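> Residue numbers for the sequence shown follow the numbering used here, beginning at 614 and rising by one. Handing you this structure, nothing more for now.
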Amino acid sequence: MDLNLLVVLDALFDEGHVSRAAKRLGLSQPAASSALERCRQLFNDPLLERGKGMMRLTPKAESLRVPIKNLLADVNRVLDPPAVDLATLRKTIRIDMADYPSVVITGALHQALAESAPGIDLVVQSGQGSVEDVLDDLAKGTVDLAVSMFPKVDGSFRRHVLRKEHFVVMMRKGHPAAAAFDLEKWLTFPHLVVSGLGHSKVDLDETLAAHGRERRVGIVVPGYLMVPPLLARSDLIAMIPSLCVPKDAAGDFAVLEPPIPVDGFTLHLVWHGRRDQDPAVHHVATIIQGLLEGA
Numbered sequence: 614m615d616l617n618l619l620v621v622l623d624a625l626f627d628e629g630h631v632s633r634a635a636k637r638l639g640l641s642q643p644a645a646s647s648a649l650e651r652c653r654q655l656f657n658d659p660l661l662e663r664g665k666g667m668m669r670l671t672p673k674a675e676s677l678r679v680p681i682k683n684l685l686a687d688v689n690r691v692l693d694p695p696a697v698d699l700a701t702l703r704k705t706i707r708i709d710m711a712d713y714p715s716v717v718i719t720g721a722l723h724q725a726l727a728e729s730a731p732g733i734d735l736v737v738q739s740g741q742g743s744v745e746d747v748l749d750d751l752a753k754g755t756v757d758l759a760v761s762m763f764p765k766v767d768g769s770f771r772r773h774v775l776r777k778e779h780f781v782v783m784m785r786k787g788h789p790a791a792a793a794f795d796l797e798k799w800l801t802f803p804h805l806v807v808s809g810l811g812h813s814k815v816d817l818d819e820t821l822a823a824h825g826r827e828r829r830v831g832i833v834v835p836g837y838l839m840v841p842p843l844l845a846r847s848d849l850i851a852m853i854p855s856l857c858v859p860k861d862a863a864g865d866f867a868v869l870e871p872p873i874p875v876d877g878f879t880l881h882l883v884w885h886g887r888r889d890q891d892p893a894v895h896h897v898a899t900i901i902q903g904l905l906e907g908a
């Protein structure tokens, strides 16, 4: 069997488009089409079928997608390619990362790459899927790195602890609840909740219920960038991860500890084991680790 066929098939599965796969591999479109036809004969399956705007993977193709990526990664490790000069890399790295922590690190990450590996481009995705969805994307190779809470992963993934985060309460300077802040004042005013999925009930509400209390949620927004301007012009109160507090917050906001114990969370960086020898993925992961571990 010609392993080059699997390289083409891997690109076809990722791109869902013959021309884009050919361009990615530096092949002509006829060569990519010919390789697809040979793979169809090899696996006795259409593999890719016409769909709207792109080709759709058959069930057989979906079942082959992860094993082929693993096989190609194993071959690459066996061949032990020489060290790559980061300055010469040309690659796009896809990162699944929610509004937090992307709002904190994306600018610094781009700057670090511009200086050390300017040919690496980034695609930061919204991070709206479940943990299982993100791990599935990592396994399929549609995502290279993921930053989120991953309580548990199996042995095919690499998980690195970035930081143990805690929550703080933020409101505008001069807010009537800021002086002698306590639980009663906290619950007197409407709260601002950040939820990409639009959930108004989050873990804090369960904590309050355990204390026999509840709060009024005045507004739910999809991202942390919206929090400071909303707080600055209202009596809303927000509880946010400590890293999401603006660096110049002292002049405009009161930042306080929650009046009851509130559990924090552990932020992880995860990638699939087949990417262990990928210099671009490793380099971006190292930068992310440095940015969040030292924050």
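Using N, Cα and C, we set each Cβ at its ideal position, and we do this for glycine too. Predicted, not measured: the structure shown is a model, and the values here were computed from it.
By alpha-carbon positions, which one of 901, 890, 805 ends up nearest to residue 838?
Closest option to residue 838, Cα to Cα, is 805.
> Would residue 606 pass as a contact of residue 670 if the rule is Cβ separation under 8 Å?
Because residue 606 is not part of the residues shown, which for the chain are 614 to 908, the question remains open.
> Check each candidate in 688, 737, 870 and name the one with the smallest Cα separation from residue 619.
Among 688, 737, 870, the Cα nearest to that of residue 619 belongs to 688.
> In this structure, how does DSSP classify residue 755 when only helix, strand and coil are distinguished?
Coil, per DSSP.
> Leaving out five residues on either side along the sequence, give the residues of the same chain with a beta carbon under 8 Å from the beta carbon of residue 826.
So the list reads 796, 800, once near-sequence residues are dropped.
> Which same chain residues end up closer than 7 Å to residue 798 when comparing Cβ atoms and leaving out the 5 residues on each side of it in sequence?
Around residue 798: 790.
> Near residue 641, which residues of its chain fall below 8 Å by C-beta distance, leaving aside the five closest residues on each side in sequence?
For residue 641, where only same-chain residues beyond five positions count, the Cβ hits under 8 Å are 635.
> Give me whichever residues DSSP pairs with residue 764 in a beta bridge.
In the DSSP output, where bridge partners are listed per residue, residue 764 has none listed.
> Just to confirm my understanding: we take residue 878, look at its own chain, exclude 5 residues before and 5 after, and list those with CB closer than 7 Å. What are they?
Correct list, in chain order: 762, 778.
> Would you say residue 880 and residue 776 are within 8 Å of each other, going by their C-beta atoms?
Going by C-beta atoms, residue 880 is nearer than 8 Å to residue 776.
> Got a sec, what are the start and stop residues for the alpha helix (DSSP H) residue 905 sits in?
Here the alpha helix (DSSP H) through residue 905 covers 892 to 906.
> Can at least three beta-carbon pairs, one atom from the region 643 to 651 and one from the region 616 to 632, be found at a separation below 8 Å?
With a cut-off of 8 Å, the region 616 to 632 and the region 643 to 651 count as touching, because enough Cβ pairs lie within range.
> Are the CB atoms of residue 672 and residue 856 nearer to each other than 8 Å?
Against a cut-off of 8 Å, the Cβ pair of residue 856 and residue 672 comes out as no contact.
> DSSP beta-bridge partners for residue 773?
DSSP, once it has assigned bridges, lists 882 as partnering residue 773.
> Where does residue 754 land, buried or exposed, given buried means 16+ other C-beta within 10 angstroms?
Buried, since its Cβ has 16 or more Cβ neighbours within 10 Å.
> Is the separation between the beta-carbon of residue 784 and that of residue 853 shorter than 8 Å?
No, these two residues do not count as a Cβ contact at 8 Å.
> Going by the CB atoms, is the gap between residue 759 and residue 556 shorter than 8 Å?
An answer regarding residue 556 cannot be provided, because it is not within the stretch 614 to 908 covered by the chain.
> Enumerate, from N- to C-terminal direction, the unbroken beta strand (DSSP E) stretches of 3 or more residues contained entirely within the region 808 to 846.
Entirely contained in the region 808 to 846, the beta strand (DSSP E) runs reaching 3 residues are, in chain order, 830 to 834.
> Alpha carbon to alpha carbon, how far is residue 869 from residue 739? Give it in angstroms, no decimals.
Those two C-alpha atoms are separated by around 29 Å.
> Just the C-alpha distance for residue 823 and residue 815, rounded to the nearest angstrom, thanks.
Each residue's Cα considered, the two are about 13 Å apart.
> Using a 10 Å radius around the Cβ and a threshold of 16 neighbouring Cβ atoms, would you call residue 841 buried or exposed?
Flag for residue 841 reads buried.
> Tell me, which residues are paired with residue 678 by DSSP?
According to DSSP, which records beta bridges pairwise, residue 678 is partnered with nothing at all.
> If the criterion is Cβ atoms closer than 8 Å, does the pair residue 575 and residue 733 meet it?
The question about residue 575 has no answer, for the chain in this structure spans 614 to 908.
> For the region 685 to 752, list the alpha helix (DSSP H) runs that are entirely contained and at least 4 residues long, ordered along the chain.
You should have 712 to 729.
> Starting from residue 628, trace the alpha helix (DSSP H) both ways and give me its first and last residue.
Looking at the DSSP string, the run of the alpha helix (DSSP H) that includes residue 628 is 616 to 628.
> Inspect the beta-carbon positions of residue 833 and residue 811 and report whether they are closer than 8 Å.
It is a contact, given that the beta carbons lie within the stated cut-off.
> I need the DSSP call for residue 859, collapsed to helix, strand or coil.
It is coil, neither helix nor strand.
> For my contact list, residue 894 and residue 888 are in at a C-beta cut-off of 8 Å; report their separation, rounded to the angstrom.
Right, their Cβ atoms sit about 5 Å apart.
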